[in-house]
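Q: Starting off with a structure, shown below.
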Amino acid sequence: MATENNTLSLITESSAPSTTALLTDDSQSPASERMDSAPILTLSTDTTIESPQSREDTLWHELQHAYRTRKILTGHLSGMEQLEGGGTITVVYYQEMRIIIPLSEMMINLADDQKHDYGEMILRQRKILGNMLGAEIDFIVKGLDKATRSVVASRKEAMLKKRSAFYLPDASGQPRIYPGRVVQARIIAVSEKVLRVEIFGVECPIPARDLSWDWLGDVSEHFHVGETVLTRIQEVNGESQDNISVKADVKSTLPNTAVANLAKCKIQGKYAGIVTDIHKGTVFIRLHIGVNAVAHSCYDSRQPGRRDEVSFVITKIDQERNMAVGLISRIIRQGNY
-14 MATENNTLSL ITESSAPSTT ALLTDDSQSP ASERMDSAPI LTLSTDTTIE
36 SPQSREDTLW HELQHAYRTR KILTGHLSGM EQLEGGGTIT VVYYQEMRII
86 IPLSEMMINL ADDQKHDYGE MILRQRKILG NMLGAEIDFI VKGLDKATRS
136 VVASRKEAML KKRSAFYLPD ASGQPRIYPG RVVQARIIAV SEKVLRVEIF
186 GVECPIPARD LSWDWLGDVS EHFHVGETVL TRIQEVNGES QDNISVKADV
236 KSTLPNTAVA NLAKCKIQGK YAGIVTDIHK GTVFIRLHIG VNAVAHSCYD
286 SRQPGRRDEV SFVITKIDQE RNMAVGLISR IIRQGNY
């Protein structure tokens, strides 16, 4: 019945004959036409199946309603295309419907200074957009073409609307998002050292050190575009929807077991671990017992590399920084296994 009502709504909007007239005409139509409009006959009397055309009609009606009410919808960023004139568009799928969002409406804001001309800025925006493929994003429908069933939308308007709803004071005089509150965020881009999230209309980069109590060598091995993650708001800056920025972290929402694990370590104890990073000769290791460790020397003839599994000897326990200090006695196996 829901599908039939939606279809009738579309018929009414297009100034078609009344429902009674349609029923009368259908009863007098040829058998082939009645067969096309008849519901699908299912094996079970308790189930209904929508035809592809019926699903498309229902979805189109939903988009029309969203267009009239400026409702925020959510889709998946599935592609980017360059037009013949040089412009760039984003392809977002809302269920089975293709939605087009111009690059200018994606709200990818970059510093427009003398060091970066317009052409360079567009290239940087396209690169960022490419890293966002697969992300879940919000949008507001801006235009519909009934003949071709084309839809144009704006992510920018959706983000600004969310900012007003969550970051500006509500009827009680308080915002819904404030420092200290734990909120769910969408992962929209991942690099080796930084995670980029969208928190209710505001994008925020989170460095690797703020993602986990463990040392992370490569953020992309632990987080993926399209997923969600719990974050704790550290700062909220800006007084209008146009200039709001936030600072957030992930690790404060997670239990810190480093102190308890470090208490189990013994001086001159030997433990296995994985090399997470190497910086200026210092090797950072995550021990299998759940402790962060630093090595300044290696007694293996080979040079340690990232992802190598190593044997680590503790020479000192740094209680202040919750980590072990020592040396690598040997490389158990290299990271290209």
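Using this note's numbering, you'd call the opening residue of the sequence shown number -14 and step up by one each time. The beta-carbon is built from N, C-alpha and C at its ideal position, and this holds for glycine as well.
1) Mind checking G311: buried by the 16 CB within 10 Å criterion, or exposed?
2) Tell me the residue span of the alpha helix (DSSP H) that contains M308.
3) Which stretch, first to last residue, makes up the beta strand (DSSP E) that contains Y78?
4) When burial is assigned at 16 or more other CB atoms within 10 Å of the CB, is E305 buried or exposed?
5) So does the stretch 243 to 263 actually touch the stretch 214 to 229, counting three or more Cβ pairs closer than 8 angstroms?
6) Excluding sequence positions up to five away, which residues of its chain have a Cβ less than 8 angstroms from the Cβ of V175?
7) E66: buried (16+ other C-beta within 10 angstroms of its C-beta) or exposed?
8) If you draw a straight line from the C-alpha of Q49 to the C-alpha of R140, how long is it?
9) Which residues does DSSP list as the beta-bridge partners of S139?
10) Which same chain residues end up closer than 8 angstroms to G64 when comparing Cβ atoms and leaving out the 5 residues on each side of it in sequence?
11) Following a CB-centred definition, is I93 positioned closer than 6 angstroms to any heavy atom of the ligand GTP?
12) Based on DSSP bridge pairs, tell me the residues matched to P190.
13) According to the neighbour-count rule (16 or more other Cβ atoms, all chains shown, within 10 Å of its Cβ), is K147 buried or exposed?
14) Using the Cβ count rule (16 or more neighbours within 10 Å means buried), how would you classify N241?
A: So, from the data block:
1) With 16 or more Cβ atoms within 10 Å of its Cβ, G311 is classed as buried.
2) Careful: M308 lies outside any alpha helix (DSSP H), inside the beta strand (DSSP E) at 308 to 318.
3) 73 to 79
4) Residue environment for E305: exposed (fewer than 16 other C-beta atoms within 10 angstroms of its C-beta).
5) no
6) N116, R181, V204, S205, F208, H209, V210
7) exposed
8) 17 angstroms
9) Bridge partners of S139: I125.
10) Cβ neighbours of G64 beyond the five flanking positions: T75, V76, L118.
11) With respect to the ligand GTP, the structure shown offers nothing to examine, as it has no ligands at all.
12) R181
13) buried
14) exposed
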